[in-house]
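Written below as structure tokens is the structure these notes are about.
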Amino acid sequence: MEANASNESDVARRYISFKNKILEMQACLTAIEKCPIPVVCAIHGACIGGGIDLSCCADVRICSPDAKFSVREARLGLAADVGTLQRFPKICGHGSRVRELCLTGENFDAVEALRIGFVSRIESNLFESAMNVCQTIARNSPVAVQGTKLSLNYSRDHTVEEGLNHIAMHNAAALMTDDLIASVMAASGSEGNFQNMLPMAKL
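Be aware that the sequence shown starts at 168, since it is given in our numbering, and climbs by one per residue.
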């Protein structure tokens, strides 16, 4: 018991324990961001603190008129630590208003979320609109959709030159897909017939 009590009071051990817990929570949200399938987020009501962390990981965000947002952590005595401070400015820019919202913890409404680019639209029929976006994306080639998301995420965190090289390597293989013919047919008004992606290979 004495050894356990000593371990729990040791500053270094507590630091490592807290850090590992934070990293674990970060990894849970990053898994959403890294999902190869586009993630569409429908936001209604209060999206505060962890709600911002979660929605920042989505590819497309749509909200209802009554949605309200807040990077609330500063008011609770800590800095947001599972992704908002890293992702929110990359989505909306590192300007004065974004910093003000993060530093004050004040609420902002759907109209401002649209103005700063955090959401792409405000919809009263929220879930129907979100499903329409999903269905529109799903009508495209899965090879093209996954390649586009991969390139967008990569280019966000790299230089333009690195992003161009990355998509060149990707498309060197992707251009050989049968989906190109199916996409041309879909563009001409026919129904695009795309094969499903293969399941993850077993090593």
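Just so it is clear, CB atoms sit at the ideal spot from N, CA and C, and this is done for glycine as well.
(request) Decide yes or no for the touch test of the region 284–296 against the region 220–229: beta carbon pairs closer than 8 Å, at least 3 of them. (result) Enough Cβ pairs lie closer than 8 Å, so yes.
(request) Specify the secondary structure class of F255 as computed by DSSP and reduced to three states. (result) Indexing the sequence shown from 1 puts residue 255 at position 88. In the structure shown, F255 falls within a helical segment according to DSSP collapsed to helix, strand and coil.
(message) Quick test of your reading: R228 and G272, contact by CB under 8 Å. State the CB separation rounded to the nearest angstrom.
(response) For the purposes of this step, residue 228 is taken as residue 61 along the sequence shown, with counting starting at 1. For the purposes of this step, residue 272 is taken as residue 105 along the sequence shown, with counting starting at 1. About 20 Å separates the two Cβ atoms, so there is no contact after all.
(request) Would you mind sorting V249 into buried or exposed? The rule is 16 or more other CB atoms within 10 Å of its CB. (result) Position 82 of the sequence shown, counted from the start, is the residue given in the question as residue 249. When all chains shown are included, V249 counts as buried.
(message) I'd like to check one pair, V310 with D346: are the Cβ atoms closer than 8 Å?
(response) Translated into positions along the sequence shown, residue 346 becomes position 179. Translated into positions along the sequence shown, residue 310 becomes position 143. Going by beta carbons, D346 and V310 fall inside the 8 Å limit.
(message) Suppose you measure from the CA of R232 to the CA of G314; what does that come to, to the nearest Å?
(response) Position 65 of the sequence shown, counted from the first residue, corresponds to residue 232. Position 147 of the sequence shown, counted from the first residue, corresponds to residue 314. The sequence given here places Pro at residue 232; Arg does not occur at that position. As the crow flies, the alpha-carbon of P232 is around 33 Å from that of G314.
(request) Name the two residues that bound the continuous beta strand (DSSP E) containing V227. (result) If you number the sequence shown from 1, residue 227 lands on position 60. First-last of the beta strand (DSSP E) with V227: 227–230.
(message) For A234, tell me which candidate among R181, M343, F275, R323 has the shortest Cα-Cα distance.
(response) In the sequence shown, residue 234 corresponds to position 67, counting from 1. Just measuring C-alpha positions, the residue of R181, M343, F275, R323 sitting nearest A234 is F275.
(message) Let's test the definition: count the other Cβ atoms within 10 Å of the Cβ of L270 and tell me whether it reaches 16, buried, or not, exposed.
(response) Numbered from 1 along the sequence shown, position 103 holds the residue referred to as residue 270. When all chains shown are included, L270 counts as exposed.
(message) Three or more C-beta pairs under 8 Å: does that hold for the region 176–189 against the region 207–215?
(response) In this structure the region 176–189 does not touch the region 207–215; the number of beta carbon pairs closer than 8 Å is below three.
(message) Can you give me the C-alpha to C-alpha distance between N292 and Q193, rounded to a whole angstrom?
(response) The count along the sequence shown starts at 1 and reaches residue 292 at position 125. The count along the sequence shown starts at 1 and reaches residue 193 at position 26. Going from the Cα of N292 to the Cα of Q193 covers about 32 Å.
(message) Using DSSP's beta-bridge definition, name the partner residues of F275.
(response) Here the question's residue 275 lines up with position 108 in the sequence shown. Paired residues: F236.
(message) Cutting at 6 Å between CB atoms, please list the residues of its own chain near P205, excluding the five before and the five after it.
(response) Within the sequence shown, the letter at position 38 stands for residue 205. Within the same chain, P205 has close Cβ partners D226, I304, K316.
(message) Just list the residues that DSSP pairs I334 with in beta bridges.
(response) Reading the sequence shown from its first residue, position 167 is the one you call residue 334. Looking at the DSSP assignment, I334 forms no beta bridge with any residue, so it has no partner.
(message) To the nearest angstrom, how far is the alpha carbon of D324 from that of Q253?
(response) What you label residue 324 is simply residue 157 of the sequence shown in a count that begins at 1. What you label residue 253 is simply residue 86 of the sequence shown in a count that begins at 1. D324 and Q253 have their C-alpha atoms some 11 Å from each other.
(request) Out of L196, E175, C230, state which residue places its alpha-carbon closest to the alpha-carbon of F294. (result) In the sequence shown, the residue the question calls residue 294 occupies position 127. With distances taken between Cα atoms, F294 lies closest to C230.
(message) Can you tell me where the beta strand (DSSP E) holding I215 begins and where it ends?
(response) Here residue 215 corresponds to residue number 48 of the sequence shown, with the count starting at 1. In this chain, the beta strand (DSSP E) harbouring I215 covers 213–215.
(message) Only counting the same chain, and skipping five residues up and downstream in sequence, which positions put a Cβ closer than 7 Å to that of L268?
(response) Here the question's residue 268 lines up with position 101 in the sequence shown. Cβ neighbours of L268 beyond the five flanking positions: V238, F275.
(request) For A247, name the three-state secondary structure that DSSP assigns. (result) Counted from its first residue, the sequence shown places residue 247 at position 80. Three-state DSSP puts A247 in coil, outside helix and strand.
(message) On the criterion of 16 or more Cβ atoms from any shown chain inside 10 Å, does C214 qualify as buried, or is it exposed?
(response) As a first step, residue 214 must be located in the sequence shown, where it is residue number 47. Looking at its Cβ environment, which holds 16 or more other Cβ atoms inside 10 Å, C214 is buried.
(request) Counting only the same chain and skipping the five closest in sequence on each side, list residues whose C-beta sits under 6 Å from that of S322. (result) One-based indexing of the sequence shown puts residue 322 at position 155. The beta carbon of S322 lies closer than 6 Å to those of G330 in the same chain, with the five residues before and after it left out.
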